[in-house]
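Residue numbers (my numbering): 1 to 201.
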């Protein structure tokens, strides 16, 4: 099984990913893949966004880059055009290798549908949380100021209908993560995974 794991900024996707790992899934962290691709494309990124996005050792300063792309939709689109194609290709290869080895796979991606990764999936699990909870998590987890957190949240604006579509033949399950602890989230994820595995048995 390939399970897509998605949700907006600070809804709790990573917490859900850890729960899935505990249930035997091999999790592909698309953010981590993106960091790898970003370094591989750092010359192209620096050419697009200026020398200020590079550290003294030549690596990409992701915070500096984030301040640019999350404040400007056009800059975000340029950034995605540079890194997304290679990210998609790598995620496809990783998922295929894990499936060939007989493992269940979870693809953890905030932009699952936007990147077309939903088409890899047998089912999709979407994590949701209320705005105040997401805002507080952004402040605490990412150590950003209020304005930066809001910019990141707004950068994930509602997608055009064609990108916010339901994937034909792929069921989407929604779980809430509004609590301070993950106990309710764990219960919801367990129930959905058990149902999916029973269906495949």
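Just so you know, even glycine gets a beta-carbon here, dropped at the ideal spot from N, CA and C.
The stretch 12 to 76 is shown to contain whole beta strand (DSSP E) runs of 3 or more residues at 26 to 29, in chain order.
Annotation for residue 122: no alpha helix (DSSP H) segment contains it, and DSSP assigns it neither H nor E. By alpha-carbon distance to residue 191, the top candidate from 7, 16 and 9 is 16.
Distance check between residue 133 and each of 122, 9, 36 and 145 places 9 closest, using alpha-carbon atoms only. Per DSSP, the unbroken beta strand (DSSP E) holding residue 4 starts and ends at 2 to 7. Distances from the CA of residue 105 to each of 27, 188, 34 and 174 were compared; the closest alpha carbon is that of 27. When the Cα atoms are used, residue 54 and residue 145 turn out to be separated by approximately 22 Å. Residues 69 of the same chain have their beta carbon placed closer than 6 Å to that of residue 79, with the five preceding and five following residues left out of the count.
Taking all protein chains in view, the Cβ of residue 174 is surrounded by fewer than 16 other Cβ atoms within 10 Å, so the residue is classified as exposed. For the set 108, 170 and 142, the Cα lying nearest the Cα of residue 121 is the one of 170. Distance from residue 91 to residue 117 at the Cβ level is roughly 6 Å; contact confirmed, criterion being Cβ atoms closer than 8 Å. Looking at the backbone, the Cα of residue 110 and that of residue 5 are separated by about 8 Å.
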